[in-house]
Structure formats: C-alpha cells, structure tokens
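In this text, residue positions in the sequence shown follow our numbering: the first is 516, and each later residue adds one. Note that the Cβ used here is the ideal one computed from N, Cα and C, for glycine as well. These notes are about the structure you will find just below.
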Amino acid sequence: MAAAVDHHRSGRLAEAETLYRRLLAAAPGDVEALANLGAALRGQGRLDDAVGCLRRAIDLKPGHAGAHNNLGNALQAKGDRDGAVAAYRASLACDPSQAEVQCNLGAILIDLNALEEAEESLLRSIALKPDFARAHYNLGRCRFQQGRYGPAVEAYDTALRLDPGNAKFENDLGNPLFALDRMDEALARYETASRLDPSLVPAHVNRANTLFELMRIDDAIESYGRALGLDSTHGEARCNRALAFLLTGRFAEGFAEYEWRWRKPGFPPARDLPVPAWAGEPIAGKTVLLHAEQGLGDTIQFVRYVPLVKARGGRVVLECQPALARLLRTVAGVDAVVQQGEPTPPFDVHAPLMSLPRIFKTTPESIPAAVPYVTPPKERALLPPSRGRRRIGIAWAGNPANANDRRRSVDPGLFAPLVEQAGRDVVILQVGPGREAVSRHPPLARAIDLGDKLTDFAATAAVLVELDLVISVDTALAHLAGALGVPVWTLVPFRPDWRWQRDRSDSPWYPSMRLFRQERRGDWAGVFRTLMAEVRRSA
C-alpha cells in the first residue's frame, strides 16, 4: 500500500492504479485500497469508474469518511452538485473534524447559492485549521456573492498571506475591490494575477473590464484581445470588447462582435425559433418577427429600424415589452405588435432588434436619426395649464436590476435647486423603485409629481410632448424623449454606455438630446453645477 500511496501523492496516478488493483486482486475487501483507487480514477478523469469504486468502498464500510469525501469530489466533477453535498455531509457525519471536507462542502454550497450554510461550513473549516488558505479563499468567494465586499477583501487578503503568489487568489481579490469602486487596487490585483499566470483568462478579462471602467479604452481592447488569444470563444470578452469598439465609434467591428452577447454569462440565451434569422434580404410576401431582447430603453432606441425593415417588403410583427406595446403601435412600418409572453402570429424569418444595426451596416454617419419616430396618444391632460411657465421633467433613477445602475442613478436631492428656483414648474417623471426617495427630500414636494400616473410609455409620451425640457439619467425615459424629439438633457456617468460615445455633448442617435458627462468617477455634484448654470442661461 505504501508504494501505491507514494505514487498517488506524486501524481503518478496510472502507476498508483496498477498497484491498488494488485492489492485488490489479493484482497477484494480492502476498503482503503478501494477508496484510494476511486480517488486515483477521479484524478485521471474516469469519473464513472471512480464513483462505482467509491460506492463499493462505502458499501463495505459505511463509516469511511475518506471514501465519502472522495465520492463527493467525483460527483462534483461529474456536475452532480446535490449528490456531492450529500456525500460531503456523510463524510462529516463520520468525522466532523475534517477541515478539508468542511471546505469542500462550503465551496459547493456557494455554487448552489446556499450562502449562509456555506459560510457556516467554511468558518468551521477555519476554526479547525486557521492556516487553511483555501478555506479563507472560499470564504472570500462566499462573502463576495453575498454582496459583503469589505469582509470579502479581508478573507481574500488572509488567503494570500497564507498562500502568496496564488494567481487565482489575486484575481478573485480584485472582484470585491472592483465592486467597491477601488479601481486602481482592483487593476493592480488583476495585473499581478495575469503576470503570475499568463494563461489565466479571467485575469485578462477582469483587467480589461477595469481598464474599460477607467476609460482606458485602447488598453482594455488590447487586454480583451489577450484573453481571446487564449480562449477565442470567451463570451464575456467578446461581448465587452464589442462594447468598447462601439464606444469608440468602430461600429462595423462592434456590431459584428456584439452577436456574441448570447454567450455572455448572465445574458439571456438566444431565442430558439423554428425559422431562419433574417440577414437583410428582400422579404416580399413574407412576415418578419422583430423581437425586443434587453431593456426598455434599448427597445425604444432600436425600433427606429422598423421602417428600414418594412422597406425590404413583407409584413413586420414587433414583439416588445408590455409597457411599450401601446406606444410602439404608432411606429411607421409596424403591421402588428405582440407583447412578450403572448402567442405570435406565423412568421417566416426573425431578427433581434439589437442586431438590426449590423444587418443594415450602420455607421455613426448613417444612423437613422429622424425624429419623432413614435407618436403619443391623445389622452386626458395629466399636467395642469402651464400659465406661461417653463416646464421641466426630471427622473433620477433607472432599473435597479441593471448592472450599471449604481453608477448611472443619482441622489434626487441634487434636483432640489432646480425645484427651488422660481419661474418654472418641475414635473417628477420618476417611476418604479426610485420613487420612495421623494419623501426624503422635502423640496421635491413642491414639484408636480406624476410618477404614479404614468401607467405605460404611451401615457408618459403624452406628458413629455407637453414639456419644454426633460432632464434624466441614462434610462428609458431619456430614450423616449429623444425618440419624440423632445429636448432632453441626459446625465452620463464617467464610463458611459457605448451609445453615448466619447467626448461629445450631442448624440448621433437623438438630435434633440444633450449629454452632461461626469468628468471624474462618481462626481455628480460637478455635473449638476454645470447643468444648473445651463438652466439659468437658457431660462
């Protein structure tokens, strides 16, 4: 047995397997040999054989903690997470003092999003073995996933103190630093990780993402390229490089690579439809389904392409979010509107709305920017008479589910000076979760609050066309005002969404839009000083 174990520990798994099998030929009931053979088979990737061998060992000796642990490892490698959890728990029932098994259990519970249980198991592992670097590392993972970024940094720091030079630990420490907006520190960690292990693809991707946030766009594109040189199918690197291309106006490259968005983790999968994707060919006598895929603002922005699709002949069916359905029936070229979740009429080809710029080979100079391209309904007026006063609509928050919302939404108190200045009416257009902030800012009580009356985007459009100006963060309301041709000032964070381009105060997508950009990360106060000076100048 000793020789077999020596081979096993030295990584000579085939030789270890041979010796374990000789031992078992002489003594078929040798549980230690069976358990070790199972581990050696797992190490060689022969997972089904490993599981069978380990189950035989457990049948012979149900209280064998090591066999249960090795079974958990093999099941995890097979993707059977629930089975692995059960095996690790069985191992700990045999011997709860195993720090490694507590750590194994905690790590897989993180993957299953059972974060409280994971943290308990990892803390037990650390209590049993305080210098166990992997347990501290997994505790960092757990706390990061819980959104407890400061404690995550502490756990990762401890892991690195115990195991300095671990590229994966360095890379993952960058993640909570990034989430805390400690970008320079995050970048240093990602650069260290990629230097320690140049083949570590996540380190190159994370470095690129951080450079992107710091608006070092050319460096970000280069770092995405490094990642893709190692893994050309990496969806996040492909998709994010596309956004960097688009931000710099490289539309041909950007829209082509943006087709990788379906492979980006967290992105909804591509629609599995029983008809071909439309590539721009004539469609006379056919029906094309155009379908929304992302946010409300994206749908408003890209529905401008419907007349171009209609010009290729055929019938156009538009599938969109319910809140937009009534409004988008007014778009020229739309033959029918279907709300997401409803049955669609028969169609021959289809296209996601955000693939249309690629299909039509859009450049910054050829954007179809004629406005208005949506029409508000004639509805009962929600606004009181203007009395000759200028009317300005405001919105300060987007959808909190958006990954960038914490950077684009603002403190509504920044609008207080606008409300307090005499001679104008301020209209609150904020809907959704951001509305609870109104009660925390007494000056907003002097505004006309229509937020709870804007039941869909058609109702909102009917209000916007009665305003002299809309001031909004980068959310669907800004797109709606732009699509209506209403003057709109859009507040743009330091690292803008790609569609607002770099270093310009206008938008090629919306002729009536003016952009107010952060000059420094997080500096909305500076933006509002500029904005208020412009309000006074234009009064």
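Check	Outcome
Sequence-distant residues of its chain with Cβ nearer than 7 angstroms to Trp1001 (five each side left out)	Before going further, note that residue 1001 is Val rather than Trp in the sequence given. Within the same chain, Val1001 has close Cβ partners Leu979, Val980, Leu982, Val985, Ser1027.
Beta bridge counterpart(s) of Ile907 as assigned by DSSP	Val941, Leu984
Neighbourhood of Ser738 by C-beta, 7 angstroms cutoff - its chain only, sequence neighbours within 5 removed	His719, Arg722, Ala723, Leu726
Beta-carbon proximity list for Phe647, same chain, < 7 angstroms, skipping 5 on both sides	Ala614, Cys618, Ser640, Ile641
Per DSSP, cross-strand counterpart(s) of Ala605	Note: Ala605 sits in no beta bridge, so no partner.
Segment contact flag, the stretch 937 to 947 with the stretch 1011 to 1024, C-beta cutoff 8 angstroms, min 3 pairs	no
Beta bridge counterpart(s) of Leu804 as assigned by DSSP	Val832, His865
As assigned by DSSP and simplified to three states, the class of Ile882	coil
Distance between Val889 and Val716 (C-alpha atoms, nearest Å)	44 angstroms
C-beta atoms of Met869 and Arg776 nearer than 9 angstroms	yes
Limits of the alpha helix (DSSP H) - the one that Val824 falls within	821 to 825
Separation of Gln809 from Ala785, as counted between CA atoms	12 angstroms
Proximity of Ser660 and Leu630 at Cβ, strictly below 9 angstroms	For the record, residue 660 in the displayed sequence is Gln; it is not Ser. Yes; because the gap between Cβ atoms is below 9 angstroms, this pair is in contact.
As assigned by DSSP and simplified to three states, the class of Trp775	helix
Helix, strand or coil at Leu675 [DSSP, three-state]	helix
Three-state secondary structure (DSSP) of Phe875	coil
Limits of the beta strand (DSSP E) - the one that Gln660 falls within	From DSSP, Gln660 is part of no beta strand (DSSP E) but of the alpha helix (DSSP H) over 648 to 660.
Contact belief for Val953 with Asp964 at Cβ below 8 angstroms, rounded distance in angstroms	7 angstroms
Status (buried if at least 16 other CB within 10 Å, exposed otherwise) for Ser924	buried
Minimum length 4: unbroken alpha helix (DSSP H) runs contained in the stretch 673 to 748	682 to 694, 698 to 711, 716 to 728, 732 to 745
Proximity to Val849 [Cα-Cα], best of Leu762, His865, Lys825, Asn588	Lys825
Cβ contact check for the stretch 801 to 820 and the stretch 839 to 848: 3 or more pairs under 8 angstroms	yes
In DSSP terms, what Asp964 is bridged to	Ile943
Outcome for Thr505 when other beta-carbon atoms lying within 10 angstroms are tallied against a minimum of 16	The structure shown does not extend to residue 505, since the chain is modelled only from 516 through 1054, so no value can be given for it.
Nonlocal neighbours in the same chain, by C-beta distance under 6 angstroms from Ile798, ignoring five residues either side	Arg827, Gly828, Gly829
Helix, strand or coil at Thr990 according to DSSP, with G and I counted as helix	coil
Backbone secondary structure at Gln617 - three-state DSSP	helix
Option nearest Leu692 by Cα separation, candidates Gln591, Tyr671, Leu761	Tyr671
Cross-strand partners of Met1028 (DSSP beta bridge)	Val1003
Continuous beta strand (DSSP E) stretch holding Val853: start and end	851 to 854
Distance, Leu695 Cα to Asn551 Cα	44 angstroms
Range of the contiguous alpha helix (DSSP H) that encloses His583	580 to 592
Ala792 in three-state terms, based on DSSP	strand
Validate contact between the stretch 953 to 962 and the stretch 872 to 886 using beta carbons, cut 8 angstroms, 3 pairs	no
Helix, strand or coil at Asp574 according to DSSP, with G and I counted as helix	helix
Cβ-based neighbour list, Met730, same chain, cut-off 6 angstroms, excluding 5 preceding and 5 following	Arg1010
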